[in-house]
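There are 4 protein chains.
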Amino acid sequence: MLLPTLRQAVLEANLELVRRGLVLYTFGNVSGISRQEGLVAIKPSGVSYETMSAAEIVVTDLSGRVIEGNLRPSSDLATHLEIYNHFPDAGGVAHTHSEFATAWAQARRPIPCFGTTHADYFQGPVPVTADLTPAEIASEYEKNTGIAICHLFDRSARNYVPAALVAGHAPFCWGSTPADAAHNAVILESVARMACYTISIAPQAEPLARELRDKHFLRKHGRTAYYGQPKIPK
Amino acid sequence: MLLPTLRQAVLEANLELVRRGLVLYTFGNVSGISRQEGLVAIKPSGVSYETMSAAEIVVTDLSGRVIEGNLRPSSDLATHLEIYNHFPDAGGVAHTHSEFATAWAQARRPIPCFGTTHADYFQGPVPVTADLTPAEIASEYEKNTGIAICHLFDRSARNYVPAALVAGHAPFCWGSTPADAAHNAVILESVARMACYTISIAPQAEPLARELRDKHFLRKHGRTAYYGQPKIPK
Amino acid sequence: MLLPTLRQAVLEANLELVRRGLVLYTFGNVSGISRQEGLVAIKPSGVSYETMSAAEIVVTDLSGRVIEGNLRPSSDLATHLEIYNHFPDAGGVAHTHSEFATAWAQARRPIPCFGTTHADYFQGPVPVTADLTPAEIASEYEKNTGIAICHLFDRSARNYVPAALVAGHAPFCWGSTPADAAHNAVILESVARMACYTISIAPQAEPLARELRDKHFLRKHGRTAYYGQPKIPK
Amino acid sequence: MLLPTLRQAVLEANLELVRRGLVLYTFGNVSGISRQEGLVAIKPSGVSYETMSAAEIVVTDLSGRVIEGNLRPSSDLATHLEIYNHFPDAGGVAHTHSEFATAWAQARRPIPCFGTTHADYFQGPVPVTADLTPAEIASEYEKNTGIAICHLFDRSARNYVPAALVAGHAPFCWGSTPADAAHNAVILESVARMACYTISIAPQAEPLARELRDKHFLRKHGRTAYYGQPKIPK
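Residue numbers (this note's numbering), protein chains in the order written: chain E, 40 to 273; chain U, 40 to 273; chain L, 40 to 273; chain Y, 40 to 273.
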């Protein structure tokens with residue numbers, strides 16, 4: 040079996056979405072990539088989480104051709120591949136229809152960075168794509184969805200925001216590993232929920248000041264991080 | 040015992056509503072139909088889900104007369120029968136008072152198709168009936184409820200929307216089997232919840248473009264579907 | 040031990056509030072009355088639900104004097120006694136701070152009868168009391184709370200609405216038994232939640248027509264009821 | 040091992056936050072203080088609640104220097120220390136990102152005292168800090184957060200409100216013990232949730248009259264309290 044460790048990581052990241060209440064029935068999918076081997080492992084399409092095994096995770100190449108597996112890959116595979124292509128550091132991608140993040144996507148509003156919880160993970164608003172054109176929907180729809188996502192980041196590459204909302208659809212998140220991508224999907228849903236409550240309490244709420252936003256992001260990420268424990272034990 | 044397989048399917052579909060948090064106490068009911076035998080199996084009225092057995096599922100004919108069973112059928116039976124009469128492909132009907140779908144019914148607003156989650160199951164807005172007249176309430180109320188539901192679909196038969204909201208009451212869903220009807224009821228509640236959040240975030244939110252709506256619906260349904268696994272294994 | 044059956048019923052009704060998620064920590068209380076003996080059994084004040092036993096339920100007379108029990112009765116006892124005094128058919132009273140019903144009480148708005156779920160249990164809006172005066176707060180506060188509740192029903196006795204909201208406080212419900220009172224408290228919370236969602240979806244939502252409201256109420260209650268199973272098995 | 044009893048109390052108070060659904064992943068932290076020994080015990084930074092043991096709780100002095108423990112203390116330690124310094128009766132501090140309290144903090148609105156549930160624990164609105172200046176963010180950020188909290192109470196010391204919202208961040212609560220601080224954090228989240236629903240139902244809702252607010256607070260706290268059971272059994 041190809042990529043047993045990656046398959047297992049992809050399986051576990053998919054199950055994390057279930058455990059955290061982010062998926063209904065067979066909704067959602069997480070993938071992982073082996074940059075070295077040029078292979079992607081992804082949840083099969085429409086299969087029950089309850090019985091899913093690592094052996095059922097589908098392995099494809101970077102063009103989406105199935106290399107190993109008896110099941111069809113997630114129908115969103117082409118979107119994942121575009122994200123891997125655009126973000127060389129992405130090791131995992133997670134897609135859910137989690138309800139509050141999806142509501143922002145349906146409302147076609149970026150999620151503002153209203154607080155430090157958001158800033159701890161996303162160094163700015165979570166953007167929303169443009170609507171796809173009828174032509175983009177008619178042909179290579181899933182690939183065009185990925186292109187629309189990546190297009191959001193062409194000019195704002197300095198800030199790390201590993202998530203985007205697809206207009207009228209739902210969020211995609213990514214991270215260094217499949218677990219990290221799923222983790223970001225869980226945080227995004229909590230952040231989306233709090234942002235919805237925030238504008239319900241104060242419709243004109245202002246986003247966090249840039250200084251506080253960057254303080255929190257950099258407290259957890261980057262060279263000067265001091266949240267959590269050092270990677271190498273003292 | 041008549042129809043043991045159908046009774047069991049009806050029992051399990053009723054329990055699925057409990058498992059997914061759609062019912063409180065004895066609220067809700069699912070039925071199934073045997074078109075060949077002209078019989079319907081339905082939850083008994085006001086009986087606890089905790090102890091319900093397949094033997095307690097009531098079997099009636101298409102006029103609502105009890106053929107087998109010691110308990111009264113659900114008081115909504117006549118509504119189910121109208122739905123079976125109008126939709127020849129319906130094999131199951133599910134009725135709940137799930138809270139968000141019921142809120143839309145109470146608000147007398149159709150649930151707009153705001154996103155692809157909705158479009159994956161319902162090829163257009165979920166409509167809401169007209170109010171019944173005092174005469175329709177006074178006599179054959181439950182049958183008239185079913186007539187009001189079916190009336191919504193007289194002229195929009197081309198789009199598949201296996202659900203309707205009864206004004207001031209709650210949703211009814213249907214499907215190819217009792218399980219499919221219950222599944223649609225679960226999805227409808229999630230879709231209703233997200234639609235409520237969507238208009239909270241953007242009161243003027245626009246429904247999905249027709250092209251994207253049909254793309255998603257046909258990705259999962261019909262001859263060109265490619266979501267999930269093929270029915271016959273390769 | 041006095042009234043062992045009633046104590047047990049009161050204990051179980053209190054635990055039902057926990058099971059249905061209506062109480063936090065020691066919030067809430069249910070009582071029951073023996074009209075024949077002129078005694079009331081009520082939850083002790085501020086005691087944990089996890090360890091509560093029937094022996095800890097406090098028995099008082101109708102003036103609130105403890106007849107049996109080592110613990111103080113709920114501080115809301117005097118409110119319960121007023122309700123028993125005013126409604127001769129009440130066999131149980133339940134008080135919670137369940138979050139949506141409490142929000143309506145805090146908003147000082149009656150819960151409109153927006154749908155059939157409401158009408159199945161409450162034959163009209165759930166009313167909210169006037170604010171107590173400083174004098175009513177300063178002396179015999181809990182008794183005055185009960186008087187304010189009962190005052191709401193002086194002139195609308197024909198419709199059965201076994202619940203009221205105390206302005207700025209929370210709901211009180213009653214019923215034929217302690218279990219029935221707790222059941223009404225659970226339904227009230229669901230109805231309050233759906234009413235909150237309803238006005239979020241349609242701020243100008245209209246209450247149910249009187250004919251439909253009475254149809255549903257009388258379908259479940261009174262001489263012509265046909266919901267559920269007959270009391271005497273066929 | 041220093042302070043085994045306090046460590047255990049701090050561990051248990053941290054786990055109470057998990058049990059009540061107030062924390063996601065490693066969010067949140069509770070500490071406790073030994074005034075006699077001048078030591079504070081606090082959750083380690085970024086460590087999983089699932090496996091946390093009393094031995095992992097970090098002990099520091101009042102300047103924040105680690106006295107015992109192999110792990111880094113919570114990055115919010117300096118905020119806790121300011122609170123202990125300002126409130127001589129505080130024996131525990133709890134910080135969460137619980138979603139509704141955080142939404143009020145993000146909206147920069149104090150939580151009004153809308154009802155008796157609030158007044159039972161907080162004798163007035165829960166205030167929100169001013170925004171920190173860029174200078175306060177750049178240097179000693181966590182300490183300055185604590186100073187901003189304490190500044191809210193300089194002139195309103197007569198009313199007991201053991202909680203504050205940090206603007207754009209989240210709540211901090213305190214109490215006589217770590218358990219009491221965590222308990223206040225749980226109550227605050229429920230109160231924040233009900234306040235959000237209240238203004239959704241009635242945007243112009245008025246806070247509780249002072250007489251009723253003080254009645255409820257003093258019914259549970261202070262010399263004339265009569266809620267719950269007497270501290271010394273009769």
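Idealized CB from N, CA, C, for every residue including glycine.
None of the values given here were measured: they were computed from a predicted structure.
(message) Between P272 (chain U) and chain L, is any beta-carbon pair separated by less than 8 Å?
(response) Within the second sequence, the letter at position 233 stands for residue 272 (chain U). Low confidence applies here, because P272 (chain U) scores a pLDDT of 40, under 50, leaving its location unreliable; read the following figure in that light. With 8 Å as the cut-off, P272 (chain U) does not count as an interface residue toward chain L.
(request) Could you check the C-alpha separation between R262 (chain U) and E138 (chain Y) for me, to the nearest Å? (result) Looking up residue 262 (chain U) in the second sequence gives position 223. Looking up residue 138 (chain Y) in the fourth sequence gives position 99. The straight-line gap from Cα to Cα measures roughly 45 Å.
(request) Give the range of the beta strand (DSSP E) segment to which S229 (chain Y) is assigned. (result) Translated into positions along the fourth sequence, residue 229 (chain Y) becomes position 190. Segment 217-240 is the alpha helix (DSSP H) holding S229 (chain Y); no beta strand (DSSP E) there.
(request) Return helix, strand or coil for P127 (chain U), following the three-state DSSP convention. (result) The sequence position of residue 127 (chain U) within the second sequence is 88, counting from 1. Reduced to three states, the DSSP call for P127 (chain U) is coil.
(message) For A234 (chain L), which residues in the same chain have their Cβ closer than 6 Å to its Cβ, ignoring the five residues on either side in sequence?
(response) Taking the first residue of the third sequence as 1, we reach residue 234 (chain L) at position 195. I150, F153, listed in sequence order.
(request) Ignore the nearest five residues each way along the sequence and tell me which others in Y123 (chain L)'s own chain have a CB closer than 6 Å to its CB. (result) Counting from one through the third sequence, the residue named residue 123 (chain L) turns up at place 84. Cβ neighbours of Y123 (chain L) beyond the five flanking positions: I72, A129.
(request) Would you mind giving the Cβ-Cβ distance between A221 (chain E) and L56 (chain E), rounded to the nearest angstrom? I have them listed as a contact below 8 Å. (result) Residue 221 (chain E) sits at position 182 when you count from the first residue of the first sequence. Residue 56 (chain E) sits at position 17 when you count from the first residue of the first sequence. Here A221 (chain E) really is in contact with L56 (chain E); their C-beta atoms are around 6 Å apart, less than 8 Å.
(request) Run through the stretch 160-218 of chain E for me and flag every whole alpha helix (DSSP H) of 4 or more residues, listed as ranges in chain order. (result) Fully enclosed alpha helix (DSSP H) runs of 4 or longer: 173-177, 180-190.
(message) Does N109 (chain U) come out as helix, strand or coil in the three-state DSSP assignment?
(response) Taking the second sequence and counting its residues from 1, one reaches residue 109 (chain U) at position 70. Coil.
(message) Could you compute how far the alpha carbon of I226 (chain Y) sits from the alpha carbon of A52 (chain Y)?
(response) Walking along the fourth sequence from the start, residue 226 (chain Y) turns up at place 187. Walking along the fourth sequence from the start, residue 52 (chain Y) turns up at place 13. In a straight line, the C-alpha of I226 (chain Y) is about 14 Å away from that of A52 (chain Y).
(request) Locate the beta strand (DSSP E) running through A80 (chain L), then write down its first and last residues. (result) Position 41 of the third sequence, counting from 1, holds the residue named residue 80 (chain L). For A80 (chain L), the enclosing beta strand (DSSP E) stretches over residues 78-81.
(request) Please state if the CB of T168 (chain U) and the CB of T156 (chain L) are separated by a distance shorter than 8 Å. (result) For the purposes of this step, residue 156 (chain L) is identified with residue 117 of the third sequence, where counting begins at 1. For the purposes of this step, residue 168 (chain U) is identified with residue 129 of the second sequence, where counting begins at 1. In this structure, T156 (chain L) keeps its C-beta atom at 8 Å or more from the C-beta atom of T168 (chain U).
(message) Considering Cα atoms alone, identify which of L:G163, L:I240, L:S178, L:H208 is closest to Q145 (chain L).
(response) In the third sequence, counting from the first residue as 1, residue 145 (chain L) sits at position 106. For Q145 (chain L), the closest of L:G163, L:I240, L:S178, L:H208 by C-alpha to C-alpha distance is L:H208.
(message) Considering Cα atoms alone, identify which of E:Q75, E:I96, E:I176, E:K254 is closest to Q47 (chain E).
(response) What you label residue 47 (chain E) is simply residue 8 of the first sequence in a count that begins at 1. Ranking E:Q75, E:I96, E:I176, E:K254 by Cα distance to Q47 (chain E) puts E:I96 first.
(message) Please report whether the beta-carbon of H255 (chain Y) lies at a distance below 8 Å from any beta-carbon of chain E.
(response) Position 216 of the fourth sequence, counted from the start, is the residue given in the question as residue 255 (chain Y). It does not; no Cβ of chain E falls within 8 Å.
(request) Taking V62 (chain L) as part of the alpha helix (DSSP H), name the residues at either end of that continuous run. (result) In the third sequence, residue 62 (chain L) corresponds to position 23, counting from 1. V62 (chain L) -> no alpha helix (DSSP H), and no H or E assigned at all.
(message) On the criterion of 16 or more Cβ atoms from any shown chain inside 10 Å, does G60 (chain U) qualify as buried, or is it exposed?
(response) In the second sequence, the residue the question calls residue 60 (chain U) occupies position 21. Exposed: under 16 other Cβ atoms inside 10 Å.
(request) Give a yes or no on whether the C-beta atoms belonging to E250 (chain Y) and I176 (chain L) are separated by under 8 Å. (result) In the fourth sequence, the residue the question calls residue 250 (chain Y) occupies position 211. In the third sequence, the residue the question calls residue 176 (chain L) occupies position 137. Yes. Within cutoff.
(request) Output, in chain order, the set of chain E residues within a Cβ distance shorter than 7 Å of D170 (chain Y). (result) Against the fourth sequence, residue 170 (chain Y) aligns to sequence position 131. Residues of chain E passing the Cβ test: A248.
(message) Just verifying my parser: in three-state terms, what is the DSSP assignment at H157 (chain Y)?
(response) Reading the fourth sequence from its first residue, position 118 is the one you call residue 157 (chain Y). Here H157 (chain Y) sits in helix by DSSP.
(request) Within its chain, find whatever has a CB closer than 7 Å to the CB of G67 (chain Y); leave out the 5 residues flanking it on each side and keep chain order. (result) Start at 1 with the first residue of the fourth sequence, and residue 67 (chain Y) comes out as number 28. Taking G67 (chain Y) as the centre and dropping the five residues before and after it, the same chain places the C-beta of L56, L61, H134, T135, H136 closer than 7 Å to its C-beta, in chain order.
(request) Starting from M91 (chain E), find everything on chain Y with Cβ-Cβ shorter than 7 Å and list it in chain order. (result) For the purposes of this step, residue 91 (chain E) is identified with residue 52 of the first sequence, where counting begins at 1. The premise fails here: M91 (chain E) is roughly 23 Å from chain Y at the closest Cβ pair, so nothing lies under 7 Å.
(request) Identify the contact partners of M40 (chain L) in chain U, using a Cβ-Cβ distance below 8 Å as the criterion. (result) In the third sequence, counting from the first residue as 1, residue 40 (chain L) sits at position 1. Listed along the chain, the chain U residues whose CB falls inside 8 Å of the CB of M40 (chain L) amount to none; the nearest CB is some 30 Å away.
(request) Spell out whether any CB of chain Y is found under 8 Å from the CB atom of L54 (chain E). (result) Walking along the first sequence from the start, residue 54 (chain E) turns up at place 15. False, the Cβ-Cβ gap to chain Y never drops below 8 Å.
(message) Using the three-state DSSP reduction, which class does A244 (chain Y) fall into: helix, strand or coil?
(response) On the fourth sequence, residue 244 (chain Y) is found 205 positions in, with the first residue counted as 1. Coil.
(request) Could you pull out every residue in the same chain whose Cβ sits closer than 6 Å to the Cβ of R74 (chain U), ignoring the five residues on either side in sequence? (result) Stepping through the second sequence from its first residue, residue 74 (chain U) is reached at position 35. Around R74 (chain U): no qualifying Cβ.
(request) Let me know the secondary structure DSSP gives A264 (chain L) once reduced to three states. (result) By 1-based counting over the third sequence, the position of residue 264 (chain L) is 225. A264 (chain L) falls in the coil class under three-state DSSP.
(request) In angstroms with no decimal places, state the Cα-to-Cα distance between I81 (chain L) and V86 (chain U). (result) By 1-based counting over the third sequence, the position of residue 81 (chain L) is 42. By 1-based counting over the second sequence, the position of residue 86 (chain U) is 47. One C-alpha to the other measures close to 29 Å.
(request) Using a threshold of 8 Å, state whether the C-beta atoms of K254 (chain Y) and Y199 (chain L) are closer than that. (result) For the purposes of this step, residue 254 (chain Y) is identified with residue 215 of the fourth sequence, where counting begins at 1. For the purposes of this step, residue 199 (chain L) is identified with residue 160 of the third sequence, where counting begins at 1. Result no, Cβ atoms of K254 (chain Y) and Y199 (chain L) do not sit closer than 8 Å.
(message) So, for W218 (chain E): in the same chain, excluding its five sequence neighbours on each side, which residues have a beta-carbon less than 6 Å away from its beta-carbon?
(response) What you label residue 218 (chain E) is simply residue 179 of the first sequence in a count that begins at 1. Per the sequence shown, the amino acid found at residue 218 (chain E) is Ala instead of Trp. In its chain, beyond the 5 residues on either side, A52 have a beta carbon closer than 6 Å to the beta carbon of A218 (chain E).
(request) Can you grab the Cα-Cα spacing for the pair L110 (chain L) / L50 (chain L), in whole Å? (result) For the purposes of this step, residue 110 (chain L) is identified with residue 71 of the third sequence, where counting begins at 1. For the purposes of this step, residue 50 (chain L) is identified with residue 11 of the third sequence, where counting begins at 1. Spanning the two alpha carbons is a distance of roughly 15 Å.
(request) Alpha carbon to alpha carbon, how far is Q268 (chain U) from S84 (chain E)? Give it in angstroms, no decimals. (result) Reading the first sequence from its first residue, position 45 is the one you call residue 84 (chain E). Reading the second sequence from its first residue, position 229 is the one you call residue 268 (chain U). Each residue's Cα considered, the two are about 6 Å apart.
(request) Measure the C-alpha to C-alpha separation of P127 (chain Y) and W213 (chain Y) and round it to an integer number of angstroms. (result) Within the fourth sequence, the letter at position 88 stands for residue 127 (chain Y). Within the fourth sequence, the letter at position 174 stands for residue 213 (chain Y). Near 11 Å, if we compare the C-alpha coordinates of W213 (chain Y) and P127 (chain Y).
(message) Taking 6 Å as the limit between beta carbons, can you name the residues of its chain near A93 (chain U), skipping five residues before and five after?
(response) As a first step, residue 93 (chain U) is located in the second sequence; it is residue number 54 there, counting from the start. Leaving aside the five residues that flank A93 (chain U) on each side, the residues in its chain whose CB is nearer than 6 Å to its CB run, in chain order, R46, Q47, L50.
(request) Evaluate E193 (chain E) with the Cβ neighbour count: other Cβ atoms within 10 Å of its Cβ, from every protein chain shown; 16 or more gives buried, anything less gives exposed. (result) Translated into positions along the first sequence, residue 193 (chain E) becomes position 154. For the sequence presented, residue 193 (chain E) should be read as Asp rather than Glu. By the neighbour-count criterion, in which 16 or more other beta carbons inside 10 Å mark a residue as buried, D193 (chain E) falls on the exposed side.
(request) Taking only beta-carbon positions, decide if F126 (chain E) is within less than 8 Å of chain Y. (result) Within the first sequence, residue 126 (chain E) is the residue found at index 87, counting from 1. Taking Cβ atoms only, chain Y never reaches closer than 8 Å to F126 (chain E), which makes this a no.
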